[in-house]
Amino acid sequence: MSITIEAVTAGYGGPSVLRDVSLHVAENEWVGILGPNGAGKSTLMKVIAGLHPPASGTVTVEGATPRDHGRRRMAQLVAYLPQDPFFPESMTAGEYVLLGRAPHIGYFAVEGPRDIAVATEVLELLDAAHLARRHLGDISGGERQRVVLARALAQEPEVLLLDEPTTALDIGHQVAALEMIGSIRKDRPVTIVAAMHDLSLAGQFTDRLVLLAQGRIVASGTAREVLTPDLIREHYNTEVAIVDVPGDGIAVVPKRNG
Ligand SMILES: Nc1ncnc2c1ncn2[C@@H]1O[C@H](COP(=O)(O)OP(=O)(O)OP(=O)(O)O)[C@@H](O)[C@H]1O
Ligand SMILES: [Mg+2]
């Protein structure tokens with residue numbers, strides 16, 4: 001399903017946090033949203049998810065607004081992983097991942113064998129099966145992040161909105177999780193928008209990068225087009241070197257300023 005954002009302006013009552021943002025994400029495309037702290041990435045994700053109404057402009061998923069789709073249909077179509085998810089501490093990881101199946105289960109029904117199979121499979125693929133019986137309050141930050149990601153993937157959504165899905169993960173689990181996110185598109189089309197801070201990984205894994213700064217899209221394109229020392233200096237206020245990684249694109253390496 002494609003996503004079309006047209007001239008969206010949004011905020012929280014004060015000055016606009018998103019200003020005239022337009023973006024089209026094609027079906028099965030993975031777009032990485034970059035930008036410094038406070039640029040508006042999370043706000044954009046919430047607007048796309050239909051959780052924060054824009055002051056003006058429109059967001060449509062496959063041509064229809066969240067209101068047209070209806071809440072239940074949106075919950076089936078779109079999985080949204082917030083930057084700071086709420087964790088019921090006494091819930092087990094297994095129970096939490098099964099909540100991802102809720103939009104597919106009838107109102108008074110319980111989960112069936114397929115729901116349990118899907119939840120088990122994503123936990124295994126994210127190296128989190130051993131956590132299924134542990135309480136969310138008793139596992140590490142990175143373990144919890146893998147469980148939250150597992151919940152979003154267990155939903156089998158057509159649109160996946162990920163707000164910094166791998167920030168708490170070690171480098172091995174980061175790459176594994178991003179590979180897994182990309183690979184779900186082999187079986188069926190999934191449109192992905194992910195806010196990411198790791199510029200190198202964003203460049204390696206996404207199809208296209210969009211750089212947000214002060215609520216506006218200031219660059220959009222391939223990794224080589226967006227990850228330039230000039231754009232990074234201008235918007236992140238730091239010096240970087242761009243290094244070729246043979247066979248794998250480029251890496252962004254920070255330089256010490258002093
Ligand atoms: N609930 C809120 N009420 C008021 N202002 C908010 C709220 N949420 C975010 N903001 C403000 O909106 C701006 C954009 O915030 P947003 O969370 O979208 O940024 P971000 O790009 O996701 O940043 P980060 O990289 O730190 O996650 C910031 O200036 C922030 O202070
Ligand atoms: Mg954010």
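Read in order, the letters of the sequence shown correspond to residues 1 to 258 in the working numbering.
Glycine included, every Cβ here is placed at the ideal spot set by N, Cα and C.
If you measure between the beta carbons of residue i and residue j, is that distance less than 8 Å?
i    : j    : result
Q83  : E164 : yes
R266 : L99  : Here the chain covers residues 1 to 258 and nothing more, so residue 266 does not appear.
R19  : R216 : yes
L162 : A39  : no
V25  : S2   : yes
L51  : V159 : no
G91  : H130 : First, the amino acid is wrong: residue 91 is Met here, not Gly. Contact: no.
R146 : D127 : yes
V210 : L81  : no
T191 : E29  : yes
V97  : A119 : yes
L169 : V122 : no
L201 : L178 : yes
V47  : P36  : no
V193 : M45  : yes
Q214 : G249 : no
V31  : V21  : no
V61  : H69  : yes
E111 : R101 : yes
E234 : K255 : no
A251 : S42  : no
G57  : E124 : no
A117 : A93  : no
V253 : V245 : no
P103 : Q155 : yes
H197 : T167 : yes
E27  : P189 : yes
Return the first residue and the last residue of the beta strand (DSSP E) that residue i is part of.
i    : result
P254 : G249 to P254
A241 : V240 to V245
L211 : R208 to A213
Pull up the DSSP beta-bridge partners for residue i, would you.
i    : result
H197 : Its beta-bridge partners do not exist; DSSP assigns none.
G11  : S16
V159 : V78 and T191
R216 : A213
H135 : T92
Helix, strand or coil: how does DSSP classify residue i here?
i    : result
L231 : helix
Y80  : strand
G221 : strand
I3   : strand
T167 : coil
S22  : strand
R185 : helix
F205 : helix
P103 : helix
G258 : coil
E27  : coil
A128 : coil
What residue range does the alpha helix (DSSP H) around residue i cover?
i    : result
A150 : G141 to A154
D115 : P113 to L125
V110 : Neither: V110 is in no alpha helix (DSSP H) and is coded neither H nor E.
Return the chain-ordered ranges of every alpha helix (DSSP H) run that is complete within the region 29 to 78 and spans a minimum of 4 residues.
Complete alpha helix (DSSP H) runs here, min 4: 41 to 49, 66 to 69 and 71 to 77.
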